[in-house]
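The next block holds one structure in the form of structure tokens; read it before the comments.
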Amino acid sequence: MPVIILTSDQPYNLKSLATQGSLPPGIPVDFGPVVFKAHVAGQKTLAERLDARLILDTHASHYIQTEQPQLVINSIRYVVDKLRSRARSDRD
737 MPVIILTSDQ
747 PYNLKSLATQ
757 GSLPPGIPVD
767 FGPVVFKAHV
777 AGQKTLAERL
787 DARLILDTHA
797 SHYIQTEQPQ
807 LVINSIRYVV
817 DKLRSRARSD
827 RD
């Protein structure tokens, strides 16, 4: 089955959480980029295992569907088109 993984391209900013007093104790303010790097590495591994298309250049944070709806729509259309194409070739 075709898969597209859309990933935020904006590292986590923990400074705002620290300012609000919402950052859990023991978590350093500069830990956001470390977590983000691990997240992206995990997404790359997942894409490799699924033979998926990974889109890292989304110009969006966590809420890709609201910040870049056309990208999400295009990705869904891509998957649907691939499935339809496979279904047609299976019938032939």
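So in my numbering the end of the sequence shown lands on 828, straight run, no missing numbers. From the three backbone atoms N, C-alpha and C, an ideal C-beta is built for every residue, glycine too.
- Within the same chain, Gln779, Leu792 come within 6 Å of Thr743 by CB-CB distance, once the 5 residues on both sides are set aside.
- Taking the Cα positions, Ala783 is about 33 Å away from Pro761.
- The C-alpha of Ser811 is placed about 30 Å away from the C-alpha of Leu750.
- Pro769 and Pro747 do touch by the CB rule: their CB atoms are close to 5 Å apart, below 8 Å.
- The criterion of a C-beta distance shorter than 9 Å is satisfied by Leu786 and Ile741.
- In the displayed model, Ile763 falls within coil according to three-state DSSP, outside both helix and strand.
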